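Take a look at the structure below.
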Amino acid sequence: MRGTKNIFADLGFPDAETHLLKAELVTRIQGVITAQALTQVAAAQRMGLSQPDVSRLLNGQFREISVERLMRLLTRLGCDIDITIRNHGKAVAPRDTIHLQGAPV
């Protein structure tokens, strides 16, 4: 059996696309924390979380956290987020992008 590009779909998870998106966002959060050489305590302060919450998040316990909240955590770490909405296979026009600006770091 050949797998898809979504491990959550391969494992039969409901809402596999949402799980994959959340996992990708958490991976980005981990990358930012590493790139900025933040401790979990410092990252927690910036994101408005407790250190144990950061630990759980980075250890894969993010099922109950919404995509919106994960994006908010990224902006609190200083990341900008662009969301592009377009018809499949069509070129992107500037008005098709929503921009969320990160907090100054």
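In the numbering used here, the protein residues as written are 29 to 133. Each residue gets a CB set at the ideal place from its N, CA and C atoms; glycine is no exception. As the structure is a computational prediction, the values presented were derived from the model and not from experiment.
Within 10 angstroms of the beta-carbon of LEU53 lie 16 or more other beta-carbons, which makes it buried.
Residue nearest to ASN87 within the set GLY130, ILE57, ASN34 and LEU101 is ILE57 (criterion: CA-CA distance).
Apart from the 5 residues on each side of it in sequence, GLN129 sits with its Cβ closer than 6 Å to the Cβ of ASP108 in its chain, given in chain order. Straight through space, the alpha carbons of MET99 and THR112 are spaced by roughly 14 Å.
Around HIS47, the same chain offers PHE36 and PHE41 as residues with beta carbons nearer than 6 Å, after the five sequence neighbours per side are excluded. For LEU49 against VAL95, the beta-carbon gap comes to about 6 Å, under 8 Å, which counts as contact. In terms of Cα proximity to THR103, the closest of SER83, ILE93, VAL60 and ARG91 is VAL60. Annotation: ALA51 to ALA131 spans about 22 Å, alpha carbon to alpha carbon.
In this structure, DSSP gives HIS116 a state outside helix and strand, which the three-state scheme calls coil.
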